[in-house]
Amino acid sequence: MNSLGVIETRGLVAAIQAVDAACKAAGVSCIGYRKVGSGLVSVCFEGEISAVYTAIERGIAVASATDHQAKSLVIARPERCVVEALSNLKGHPPRVESGQKPHAELPTVAEVAEVTVCEETAEVSTDTETAMPVAEKEVQAPIVEEKSHGHKKGKKA
Numbered sequence: 268m269n270s271l272g273v274i275e276t277r278g279l280v281a282a283i284q285a286v287d288a289a290c291k292a293a294g295v296s297c298i299g300y301r302k303v304g305s306g307l308v309s310v311c312f313e314g315e316i317s318a319v320y321t322a323i324e325r326g327i328a329v330a331s332a333t334d335h336q337a338k339s340l341v342i343a344r345p346e347r348c349v350v351e352a353l354s355n356l357k358g359h360p361p362r363v364e365s366g367q368k369p370h371a372e373l374p375t376v377a378e379v380a381e382v383t384v385c386e387e388t389a390e391v392s393t394d395t396e397t398a399m400p401v402a403e404k405e406v407q408a409p410i411v412e413e414k415s416h417g418h419k420k421g422k423k424a
């Protein structure tokens with residue numbers, strides 16, 4: 268990734284408008300979005316540094332028409348850990364590095380429904396003759412002495 272651009276807006280509609288304008292203005296690709304909370308939506312872009320600056324400027328201009336709190340960020344050469352932290356964004360499939368196998372797919376609902384669960388019934392014996400008597404022994408709890416450190420809680424004397 269050459270550079271990273273982020274546009275944060277209040278509401279999904281403003282974010283979609285910003286993404287559309289940004290992708291049309293310059294040769295960037297949208298790598299995904301994240302719902303931050305309280306109605307905030309962050310959209311991330313990648314591409315050449317000049318293209319990302321142009322795309323972010325255009326996206327903010329369009330988003331500001333409906334959302335006056337639109338913010339942006341451009342990182343010229345993001346650190347690898349930043350890119351890895353953003354790898355779980357919605358709207359973009361996970362990246363597969365060259366030489367790595369893609370993750371195994373999760374089973375579908377139909378496949379899970381085919382699995383049968385075996386229920387074993389346990390037999391409970393109610394015979395009083397075979398029941399084992401419980402040992403009757405009194406156990407005394409240890410006595411704990413309270414130590415007063417001269418502090419009294421409550422009203423002052």
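Quick note: the sequence shown, position 25, residue 292 per the working numbering, numbers continuous. Idealized CB from N, CA, C, for every residue including glycine.
Residue i vs residue j beta-carbon contact at 9 Å
i    : j    : result
A293 : A322 : yes
S270 : E324 : no
I283 : L353 : no
V303 : E275 : yes
L356 : R301 : yes
V319 : A288 : no
Range covered by the alpha helix (DSSP H) that runs through residue i
i    : result
V349 : R347 to A352
G326 : I316 to A330
V280 : L279 to A292
Exposure label - residue i; buried when at least 16 CB within 10 Å
i    : result
S339 : buried
A371 : Bear in mind that the predicted position of A371 carries a pLDDT of just 44, short of 50, making it too unreliable to give a figure here.
L373 : Below a pLDDT of 50, predicted positions are generally treated as unreliable, and L373, at 46, falls in that range; the measurement from the model is reported next regardless. Classification of L373: exposed, given that the 10 Å Cβ count is below 16.
C311 : buried
G306 : exposed
E351 : exposed
V308 : buried
Enclosing beta strand (DSSP E) for residue i [first to last residue]
i    : result
K302 : S296 to G304
L340 : K338 to I342
Cβ separation of residue i and residue j, assumed to be a contact under 8 Å, to the nearest whole Å
i    : j    : result
A281 : A343 : Actually they are not in contact, since the Cβ atoms of A281 and A343 sit about 25 Å apart, beyond 8 Å.
V286 : G272 : Between G272 and V286 the Cβ distance is about 11 Å, and since that is not below 8 Å, they are no contact.
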